[in-house]
Amino acid sequence: MPPKWVSWRRPYDTAGYAVISRRRVAAALASASQPERQRADRLRVAGVLTRAQLSRGTGLTVQTAVRLIEDLQARGMVQMGEAVARSGRGKPAMAVSLNPGYGHTLGISIATDARTLALADLSGSVLAVSEVALTDDTLCGVLTRLQAADATLLACVDAAGTRLGIGVAMSGFFTGDDAFINPPEPLRALGWIALCSWLAEAFGQPVRMDNDGSVAAAGEAMLSVGQRHRDVA
Numbered sequence: 002m003p004p005k006w007v008s009w010r011r012p013y014d015t016a017g018y019a020v021i022s023r024r025r026v027a028a029a030l031a032s033a034s035q036p037e038r039q040r041a042d043r044l045r046v047a048g049v050l051t052r053a054q055l056s057r058g059t060g061l062t063v064q065t066a067v068r069l070i071e072d073l074q075a076r077g078m079v080q081m082g083e084a085v086a087r088s089g090r091g092k093p094a095m096a097v098s099l100n101p102g103y104g105h106t107l108g109i110s111i112a113t114d115a116r117t118l119a120l121a122d123l124s125g126s127v128l129a130v131s132e133v134a135l136t137d138d139t140l141c142g143v144l145t146r147l148q149a150a151d152a153t154l155l156a157c158v159d160a161a162g163t164r165l166g167i168g169v170a171m172s173g174f175f176t177g178d179d180a181f182i183n184p185p186e187p188l189r190a191l192g193w194i195a196l197c198s199w200l201a202e203a204f205g206q207p208v209r210m211d212n213d214g215s216v217a218a219a220g221e222a223m224l225s226v227g228q229r230h231r232d233v234a
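Heads up: the sequence shown begins at 2 in the numbering used here, then just goes up one per residue.
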């Protein structure tokens, strides 16, 4: 039986939370070098790799890759696991993975009938999910319910770490100005404002937003069948 804060939700919602993981890694590594970001993204996809595996296909020497990983470890973004036995001769290789406890993001799916929120850690694992019914479609009502649901989710999670940002998936389409979206009639109040900057100010966090269909497709491509197939229809 799922915990009480977990709710069943539509497929695009699940993918929407997952897609935030890449943006979360990018936000966490905003001050990192390009090679460091590449290593972190490979760990996001693979889960666990050795330092030698992280150097392959990159043009970097093993020594350089080791130094990059050590720098990320010093910042708390990656962690070392148990040694992995080699198939041939040599010392066991050290396993490397993203540190889930480094930080988390909040994912918000805004549909016509409900708002669904999720917390996910740096590795891409969903920590908690909650669905909030649509009972007040005013701007104040929407914000109040979102902030209350966010506080409830955080209370359910131990050691979520620092919040790195917020990702929003919403029904509707952009009007030509990326700051505004034309939503369905039940969400019309949210089309009157620059939603990203409004939420960013209210939550005190960087916010990224896209159409829910685009977010679902990106989530499937990055964390579902897209990990095994280059082209996803």
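Quick reminder that beta carbons are idealized off the backbone N, C-alpha and C, glycines included.
Contact between residue 43 and residue 61 does not hold, since their C-beta atoms are separated by about 12 Å, which reaches or exceeds 8 Å.
Residue pairing by DSSP places residue 95 opposite 84 in a beta bridge. Below 8 Å, too few C-beta pairs join the stretch 183-198 and the stretch 127-134 to call them touching: fewer than three.
Boundaries for residue 160: no alpha helix (DSSP H) harbours it, and the DSSP string shows neither H nor E there.
Residue 107 sits in a strand when the DSSP states are folded into three classes.
Selection 93, 45, 35 and 226 evaluated against residue 83 yields 93 as nearest (Cα-Cα). Taken through DSSP and simplified to helix, strand or coil, residue 209 comes out as strand. Residues 30, 69, 72 and 73 of the same chain have their beta carbon placed closer than 8 Å to that of residue 37, with the five preceding and five following residues left out of the count. Counting of Cβ neighbours within 10 angstroms places residue 149 among the exposed residues, the total staying below 16. Going by beta carbons, residue 167 and residue 107 fall inside the 7 Å limit. Counted as a single uninterrupted DSSP element, the alpha helix (DSSP H) harbouring residue 56 occupies residues 52-56. Between residue 125 and residue 162, the C-beta gap is not smaller than 7 Å, which leaves the two residues out of contact.
Check the Cα spacing between residue 80 and each of 64, 97 and 67: the tightest is with 97.
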